[in-house]
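Comments concern the structure below.
In UniProt numbering, the protein residues as written are 1 to 159.
And the structure:
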């Protein structure tokens, strides 16, 4: 498989005095691999996802997304990377209540100029399918409208 995400000793701290939100995270995710980020409140899940999604940069360690070193990329290149390679379904107020989760993820391709016909297959079954912890199948949750999800799947969809 093709490695798509690599974090080596990644840390993220905020403020003064510094609060360490992620400490020494190392992981590799291959293209097509389904990964769950779980843990108690305040354990750094959202911070980790922000780092993987290039919404934030590590304060220590290295992050490579799609073969690109995040720390070395200017903001414009990070925006392009997000536009072409990363899909987000944000939690709560970011959700488009009337849209299925797959459509929200595919919107990233819309902003990148990908025609509608090319967007759907790119986000088809087995490619990117947000799942609910209570769902028997990822595609079942992915096709449901966000307004039909309870609080728990909404939180999971943001991951």
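Idealized CB from N, CA, C, for every residue including glycine.
It is roughly 19 Å from the alpha-carbon of residue 24 to the alpha-carbon of residue 4.
Assigned with DSSP and collapsed to three states, residue 34 falls in coil, not helix or strand. The alpha-carbon separation between residue 87 and residue 49 amounts to approximately 12 Å. In this structure, the CA atom of residue 30 is about 25 Å from the CA atom of residue 40. Around the C-beta of residue 77, fewer than 16 other C-beta atoms lie within 10 Å, and the residue is accordingly described as exposed. For residue 48, the enclosing alpha helix (DSSP H) has its first and last residue at 45-52. Under the criterion of beta carbons closer than 8 Å, residue 10 and residue 58 qualify as touching, at roughly 5 Å. Excluding five sequence positions before and after residue 68, the CB atoms of its chain that fall closer than 7 Å to its own CB belong to 81, given in chain order. Secondary structure of residue 13 (DSSP, three-state): strand. Following the DSSP letters along the chain, one finds residue 62 inside the beta strand (DSSP E) bounded by residues 60-65. Within a 10 Å sphere around the beta-carbon of residue 7 sit 16 or more other beta-carbons, which makes this residue buried. In the three-state DSSP reduction, residue 26 falls in the strand class (E or B).
Less than 8 Å separates the beta-carbon of residue 47 from that of residue 12.
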